[in-house]
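Here the sequence shown is numbered in our numbering, starting from 1 and rising by one per residue. Structure record follows, encoded as structure tokens.
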Amino acid sequence: METGRKLFGTQRQVLFSFFLLGLVLVGAVELKRYSVVEEMEGNTFLTNLAKDLGLSQGDLSRRGIRVISKGNKLRLQLHQETGELFVNEKLDREELCGHAEPCMLYFQVLLESPLEFFQAELQVIDINDHSPQFLDREMLLTISESSAPGTTFPLKKAQDMDVGPNNIENYVLSPNSYFQVLTRKGSDGGKYPELVQDKALDREEEAELRLTLIAQDGGSPPRSGTAQVHIEVVDTNDNAPEFEQPLYRVQIPEDSPIGFLVVMVSAIDIDIGINAEISYSLFQASEDISKTFEINPMTGEIRLMDQLDFERIQSYEVNVEAKDTGSFAGKCTVLIQVLDVNDHAPELTMSALTTSIPENSHEIVVAVFSVSDLDSGENGKINCFIQDEHLPFLLKSPVENFYTLLTESPLDRETTAEYNITITVTDLGTPRLKTQHTITVLVSDVNDNAPTFTQSSYTLSVPENNSPALHIGSVSATDSDSGTNAQLTYSLLPPPHDPLPGLASLVSINADTGQLFALRALDYEALRAFEFRVRATDRGAPPLSGQARVRVRVLDANDNAPFVLHPLQNASAPCTELLPRAAQPGYLLTKVVAVDADAGQNAWLSFQLLQASEPGLFSVWAHSGEVRTARPPGERDAPRQRLLVLVRDNGQPPLSASVTLHVLLVDGFSQPHLPGPEAAAERAQADPLTGPLVVALASVSSLFLCWLLLFVALRLCGRSGRAALPGCPAPEGPFPGQLLDVSGAGTLAHSYQYEVCLTGDSGTGEFKFLKPFSPNLPPQSAGEETEGNVAVRNSFGFQ
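Pasting the structure below:
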């Protein structure tokens, strides 16, 4: 029933607009009225529109007759040849109109050539197909035995979905000696029962009564519904609760939240004790009121249970009953007025539309449409205009809320081949709401425009190790012509001056859609980018074409694990670092140096100490790889320590490598303060092997360091020909490709060579990795950054 009411409200506004349009476009045309009884079967004959409109069968086929209704709901069916109009489906008056009477369905008859409207309405006549029903099948009344004859007691009314004479006519009470029922008419036109006491009650004689209340409608044959009235006779309670106000008036916006306090009613009872305890309840509440409001039985607060909708119900009349613990009750009425807020955007309904206009035509009707707004007052007033006022189109409004869109001047396709007309409809509410509708109008012409790409240059990206036939992107071209002249075919063109070998084996293009596909797996380390041109050709005569440049960038994937440069891992001669036992916390032991053949964040490395012989003695700096002491070495610490350092990149998923460090704790090596002679003598006496051991270790370490510096200087500084460092000679001879071999499962293996130069600065040796290259990689283009350059430093001062 609620859905029917909402549909009827919306339908009534829009169909009323169609009615006004019909009056303007047709002139003084008589309004056609028809009627049909609800629940009639589908395909029921309604009328012959050809006869009603004075048209012959030849006129019907020539002028193109059709029936238009709200939302294109095909409730009516028109026979195109005979003009006979049928009801297409079984109509339910209660679903369509609810309690509104009369129930009218508006529709229009449209003659397309020439354009002409006829307004018509169909009245759905109610039948008595619903019986009266009580919301509560049993009503409980508590009446004091001191109640005098003539006292009235309102009863809850029944509800009937039918209207008019088929609605509730009267109420009948089962025969008894104490009460009769009277049928009253309420302010809303409905009828409700009222119980009248005819005889004084005597609780000692009869403590309760059970009566049957019958609601009868006025249909033929009449229908009825029953409810039980249970009357309990109680001892005397001579004062009924009285409300402070018999009538409460409240205004509430329709967008009030659930739980909002609408009003608080209050009643008092001058009795004392249990007879003065009051409980509040909604009296004779309809289904809408019961679903929308609730009352606190103790405090009398009325709050929202459901969202309000001004467009459905504008006001509520809520009856509240205050009952004490005895037999008396007081009543008041709360009138709740729902205030409209601007919560509905305007609607635009298109009636007729022409999407193709020949050039050099003037004042051609492009569209006929109507606008409406479900809100009321200022919220329902509407303005309509074309968004771009410079377009050669104008709006005319023969009547309020109806518009025709026409060409203002002759169109020239050589200037503009397509118009996108945006019609904006705004209301005058606060805040203002708007609706936009875009109409595309084409102007016909010959093939005098070449295809144009949406971009002169496209840049696409594809991850390396991609699967074959991967869709990597699309190119798109437009042609301002129409029809066959605008149908495009895409093809690949290699660069004219620097053709890319094997382009056909790298990419392909869909000739119809412009989608580009990678034909085989690409490797970032072998091919970082390539470019080509694409051509779009139309199917006109003669055909015209346009071109665009496409550059494809291969994105690096994390397919190379980090490689440790220092310390070198040699199983036969492991690298051993010396740590003086006098070292303080933060002492730099060494630095782990690693590189990654990948680029970007895939080459960002972090360091982590995985395992140590003595937990807590060493720490590894996560970003620099420096291995430092976390605390001073103790006497109980073992002289030999083993550290396992993990190097992890920042790729997804991350790859890692590990390096093992061997540390030897020694006394008296690189100590900032040498011990005094007496302490040295005592130590020498205590341990005669300490001195020779220290001397031997220092000699071995010094020789190793000198040999390493000399070797690196001779091998690497000679290959700095392409480096930008002063004092380094050009490289001679081939650099061994096996210096750094980075490979992984599922990827292509490449040998990377790094040009290294050793320079001196204030007595500190520096390694500088100038530029990585691989025989498998193509030369880089000018201005392209070289990825993989690194600068590292170890514990001996190398960078």
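For glycine and all other residues, C-beta sits at the position ideal for the given N, C-alpha and C. These numbers were taken from a predicted model, which means no experiment stands behind them.
{"Check": "Shortest alpha-carbon distance to Arg535 belongs to which of Ser508, Gly625, Asn275, Asp559?", "Outcome": "Ser508"}
{"Check": "Look up Gln77 in the DSSP assignment and give the residues it is bridged to.", "Outcome": "Phe86"}
{"Check": "Taking all protein chains shown into account, do 16 or more other C-beta atoms lie within 10 angstroms of the C-beta of Ala518, making it buried, or fewer, making it exposed?", "Outcome": "buried"}
{"Check": "To the nearest angstrom, how far is the alpha carbon of Leu122 from that of Val163?", "Outcome": "17 angstroms"}
{"Check": "Helix or strand or just coil, what does DSSP make of Leu725?", "Outcome": "Low per-residue confidence applies at Leu725: pLDDT is 35, beneath 50, and the placement is therefore not dependable enough to give any value."}
{"Check": "At a cut of 8 angstroms, does the region 477 to 495 reach the region 437 to 447 through at least three beta carbon pairs?", "Outcome": "yes"}
{"Check": "Near Gly625, what residues of its chain come up, given a Cβ to Cβ distance below 6 angstroms and the 5 sequence neighbours on each side ignored?", "Outcome": "Lys591, Val592, Phe607"}
{"Check": "Quick check on Arg62: buried or exposed, where buried means 16 or more other Cβ atoms within 10 Å of its Cβ?", "Outcome": "exposed"}
{"Check": "If we define contact as Cβ-Cβ less than 8 angstroms, is Pro654 a contact residue for chain D?", "Outcome": "This model lacks chain D altogether, as it is built from one protein chain only."}
{"Check": "Restricting to runs no shorter than 3 residues, where is the beta strand (DSSP E) found entirely within the region 475 to 533?", "Outcome": "488 to 493, 507 to 509, 515 to 518"}
{"Check": "Leu105 to Ser131, Cα distance in whole Å?", "Outcome": "25 angstroms"}
{"Check": "Tell me whether Lys291 sits in a helix, a strand or coil according to DSSP, three-state version.", "Outcome": "helix"}
{"Check": "Whether or not the region 255 to 271 and the region 346 to 366 are in contact is what I'm after, with contact meaning three or more pairs of Cβ atoms, one per stretch, closer than 8 angstroms; do they touch?", "Outcome": "no"}
{"Check": "Could you give the C-beta distance for Thr325 and Ile274, rounded to a whole number, given that I count them as a contact under 8 angstroms?", "Outcome": "5 angstroms"}
{"Check": "Can you name, in chain order, every residue of its own chain whose Cβ lies under 6 angstroms from the Cβ of Pro346, other than the five neighbours on each side?", "Outcome": "Val371, Asp373, Ile382, Val425, Asp427, Thr435"}
{"Check": "Just the Cα atoms here: how many angstroms apart are Gly83 and Leu53?", "Outcome": "10 angstroms"}
{"Check": "Quick check on this structure: which residue in Arg642, Glu635, Val645 has the alpha carbon closest to the alpha carbon of Asp667?", "Outcome": "Glu635"}
{"Check": "Report the option in Cys706, Ala329, Ser467, Gln251 whose CA atom is closest to the CA atom of Phe283.", "Outcome": "Ala329"}
{"Check": "How many angstroms separate the CA atom of Asn296 from the CA atom of Val334?", "Outcome": "15 angstroms"}
{"Check": "Can you tell me the Cα-Cα spacing of Glu39 and Asp126, whole angstroms?", "Outcome": "9 angstroms"}
{"Check": "Here's a check: name, in chain order, each residue in its chain whose Cβ is nearer than 8 angstroms to the Cβ of Ser656, leaving out the five neighbours to either side.", "Outcome": "Ala561, Pro562, Leu646, Val647, Arg648, Asp649"}
{"Check": "Ordered along the chain, which non-local residues of its own chain (more than five positions away) have a Cβ less than 6 angstroms from that of Val801?", "Outcome": "Residue 801 lies beyond the range of the chain shown here (1 to 799); nothing can be said about it."}
{"Check": "For the region 560 to 638, which segments carrying the beta strand (DSSP E) assignment without a break, of at least 3 residues, lie completely within its bounds, in sequence order?", "Outcome": "563 to 566, 576 to 580, 588 to 591, 593 to 595, 605 to 612, 618 to 620, 626 to 629"}
{"Check": "Return the residue from the list Asn167, Pro114, Ala511, Val695 that minimises the CA-CA distance to Glu101.", "Outcome": "Asn167"}
{"Check": "Let me confirm a value: Gly259 is counted as buried when at least 16 other C-beta atoms fall within 10 Å, else exposed. Which label applies?", "Outcome": "exposed"}
{"Check": "Which of the three DSSP states, helix, strand or coil, is assigned to Gly330?", "Outcome": "strand"}
{"Check": "What residue range is occupied by the uninterrupted alpha helix (DSSP H) comprising Leu49?", "Outcome": "49 to 52"}
{"Check": "For Gly164, which of helix, strand or coil comes out of DSSP?", "Outcome": "helix"}
{"Check": "Using the Cα positions of Val700 and Cys706, report the straight-line distance between them to the nearest angstrom.", "Outcome": "10 angstroms"}
{"Check": "Any idea what DSSP makes of Leu802, helix, strand or coil?", "Outcome": "One cannot answer for residue 802 here, as it falls past the ends of the chain, which runs 1 to 799."}
{"Check": "In whole angstroms, what separates the C-alpha of Ala541 from that of Ala477?", "Outcome": "18 angstroms"}
{"Check": "Let's see if you can read the secondary structure: which residues bound the beta strand (DSSP E) around Gly546?", "Outcome": "545 to 555"}
{"Check": "Short of 7 angstroms in beta carbon distance, which residues of its chain neighbour Glu363, apart from the five on each side in sequence? Order them along the chain.", "Outcome": "Leu406, Thr407"}
{"Check": "By alpha-carbon positions, which one of Glu464, Val37, Phe118, Asp59 ends up nearest to Asp556?", "Outcome": "Glu464"}
{"Check": "Please state whether the Cβ-Cβ distance between Asp340 and Ser315 is less than 8 angstroms.", "Outcome": "no"}
{"Check": "Spatial neighbours of Asp637 within its chain, please: CB distance less than 7 angstroms, with the 5 preceding and 5 following residues excluded, ordered by chain position.", "Outcome": "Glu614, Leu617, Leu665"}
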